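Peer 1: So in the working numbering, spot 42 of the sequence shown is number 36, and the numbers just go up one at a time.
Here it is: the structure, laid out below.
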Amino acid sequence: MSNLKPWFEKGMNQYDYINSMQVHKENLLKVYNGFQLDETDKELLHALQEKELKAIILAADWCGDAMVNLPILMRIADEALLETRYLIRDENLELMDQYLTNGKARSIPIIIFVNKEFEEVGKWGPRSPEAQAVADELKANVPDKESPEYDAAFKAFIKSFTERITTDEVLWRDIKNSIMATLKNA
-5 MSNLKPWFEK GMNQYDYINS MQVHKENLLK VYNGFQLDET DKELLHALQE KELKAIILAA
55 DWCGDAMVNL PILMRIADEA LLETRYLIRD ENLELMDQYL TNGKARSIPI IIFVNKEFEE
115 VGKWGPRSPE AQAVADELKA NVPDKESPEY DAAFKAFIKS FTERITTDEV LWRDIKNSIM
175 ATLKNA
């Protein structure tokens, strides 16, 4: 898709997105309030300000990955003067289906970086490689969906994953580094 301006204009700003949240709002704010950028990060992001980049974020408040990735993106966006707009995944499937993970999964969040002409210059999501490794490790003991133990095991996985991603500051830095690497190349 060449010009993403209609999608950007359709999106909610950061504050409307946060205020609309029914699930994970407390955890998103916990990460937002606990995560800080260091001076080196800020210098790099300040250098990006003149590019006038923007971001379209496909997300949903029930998503655990969005709960940790978005507050880190919000801090990055503040320093880079990156204007952001949030679209709810299930209300924007036409756009979502252009950003499938592994060509088939509607995994979120997806962050689409655009230039001032609203042309895509980068894409990030749904997880950093490090967060994927944590998820894979924690999910290793979850049986197949057909198993009678699946539901309980999956709930336990979600609980442990949520606990880890809302408290692990090393993981937060890895997520930040992953997002910033994409942004630097935008």
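We put the CB at the ideal spot given by N, CA and C, even for glycine.
Bear in mind the structure is a predicted one, so any value in this text is a computation, not a measurement.
Mind checking which residues open and close the beta strand (DSSP E) that includes threonine 78?
Peer 2: By 1-based counting over the sequence shown, the position of residue 78 is 84. Start and end: 77 to 82.
Peer 1: Is glutamate 114 helix, strand or coil when you go by DSSP?
Peer 2: The residue labelled residue 114 in the question sits at position 120 within the sequence shown. Glutamate 114 falls in the strand class under three-state DSSP.
Peer 1: Under the assumption that valine 136 contacts phenylalanine 151 (Cβ atoms under 8 Å), give the Cβ distance between them as a whole number of angstroms.
Peer 2: Here the question's residue 136 lines up with position 142 in the sequence shown. Here the question's residue 151 lines up with position 157 in the sequence shown. Going by Cβ atoms, the distance from valine 136 to phenylalanine 151 rounds to 5 Å, so yes, they are a contact pair.
Peer 1: Counting beta carbon pairs with one atom in the stretch 23 to 34 and one in the stretch 89 to 103, are three or more of them shorter than 8 Å?
Peer 2: no
Peer 1: Measuring only the C-alpha atoms, how far is asparagine -3 from lysine 110?
Peer 2: As a position in the sequence shown, residue -3 is number 3, starting the count at 1. As a position in the sequence shown, residue 110 is number 116, starting the count at 1. One C-alpha to the other measures close to 10 Å.
Peer 1: If you drop the 5 nearest sequence neighbours on each side, which residues of the same chain put their C-beta closer than 7 Å to that of lysine 133?
Peer 2: Locating residue 133 in the sequence shown gives position 139, where the first residue counts as 1. Same-chain partners within the cutoff: Phe151.
Peer 1: Would you kindly check if the distance between the Cβ of aspartate 59 and the Cβ of arginine 121 is under 8 Å?
Peer 2: Counted from its first residue, the sequence shown places residue 121 at position 127. Counted from its first residue, the sequence shown places residue 59 at position 65. For arginine 121 and aspartate 59, yes; Cβs fall inside 8 Å.
Peer 1: Please confirm whether any heavy atom of the ligand FMN lies closer than 7 Å to the CB of glycine 97.
Peer 2: Among the ligands in the structure shown, none appear at all, so the ligand FMN cannot be discussed.
Peer 1: With 16 other CB atoms within 10 Å as the buried threshold, where does alanine 49 fall?
Peer 2: The count along the sequence shown starts at 1 and reaches residue 49 at position 55. Burial call: buried.
Peer 1: Using 8 Å for Cβ pairs, my map puts threonine 160 next to valine 62. What's the rounded Cβ distance?
Peer 2: Residue numbering aside, residue 160 sits at position 166 when the sequence shown is read from its first letter. Residue numbering aside, residue 62 sits at position 68 when the sequence shown is read from its first letter. Between valine 62 and threonine 160 the Cβ distance is about 7 Å, and since that is below 8 Å, they are a contact.
Peer 1: Under 8 Å, do phenylalanine 107 and phenylalanine 2 count as touching if we go by C-beta distance?
Peer 2: Here residue 107 refers to the residue found at position 113 when the sequence shown is read from its first residue. Here residue 2 refers to the residue found at position 8 when the sequence shown is read from its first residue. Their beta carbons are not under 8 Å apart, which means phenylalanine 107 does not touch phenylalanine 2 by this criterion.
Peer 1: With a CB to CB cut of under 6 Å and the five nearest residues on each side skipped, what residues in its chain are close to asparagine 21?
Peer 2: One-based indexing of the sequence shown puts residue 21 at position 27. The answer, listed in chain order, is Met61 and Thr160.
Peer 1: Can you tell me whether alanine 53 is buried or exposed? The criterion is at least 16 other CB atoms within 10 Å of its CB, across all chains shown.
Peer 2: Position 59 of the sequence shown, counted from the start, is the residue given in the question as residue 53. Result: buried.
Peer 1: Within 10 angstroms of the Cβ of alanine 41, are there 16 or more other Cβ atoms? Answer buried if so, exposed if not.
Peer 2: On the sequence shown, residue 41 is found 47 positions in, with the first residue counted as 1. Per the 10 Å Cβ criterion, exposed.
Peer 1: Closest by CA to tyrosine 11, which one among Lys(-1), Leu81 and Ala74?
Peer 2: Working through the sequence shown from its first residue, we reach residue 11 at position 17. The residue with the shortest Cα to Cα distance from tyrosine 11 is Leu81.
Peer 1: What distance in whole Å lies between the Cβ atoms of glycine 116 and alanine 180, which are believed to be in contact at a cut-off of 8 Å?
Peer 2: The residue given as residue 180 occupies position 186 in the sequence shown. The residue given as residue 116 occupies position 122 in the sequence shown. Going by Cβ atoms, the distance from alanine 180 to glycine 116 rounds to 4 Å, so yes, they are a contact pair.
Peer 1: Should tyrosine 9 go down as buried or exposed, given a rule of 16 or more other Cβ atoms within 10 Å for buried?
Peer 2: Taking the sequence shown and counting its residues from 1, the one referred to as residue 9 is at position 15. Result: exposed.
Peer 1: Who are the Cβ neighbours of arginine 83 in its own chain at under 7 Å, not counting the five residues just before and after it?
Peer 2: Counting from 1 along the sequence shown, the entry for residue 83 is found at position 89. Around arginine 83: Leu52, Ala53, Ala54, Met90, Arg100 and Ile102.
Peer 1: For leucine 23, list the residues DSSP reports as bridge partners.
Peer 2: Counted from its first residue, the sequence shown places residue 23 at position 29. In the DSSP assignment, no residue is bridged to leucine 23.
Peer 1: Closest by CA to leucine 165, which one among Thr78, Ile66, Arg79 and Lys153?
Peer 2: As a first step, residue 165 must be located in the sequence shown, where it is residue number 171. Nearest Cα to leucine 165 within the set Thr78, Ile66, Arg79 and Lys153: Ile66.
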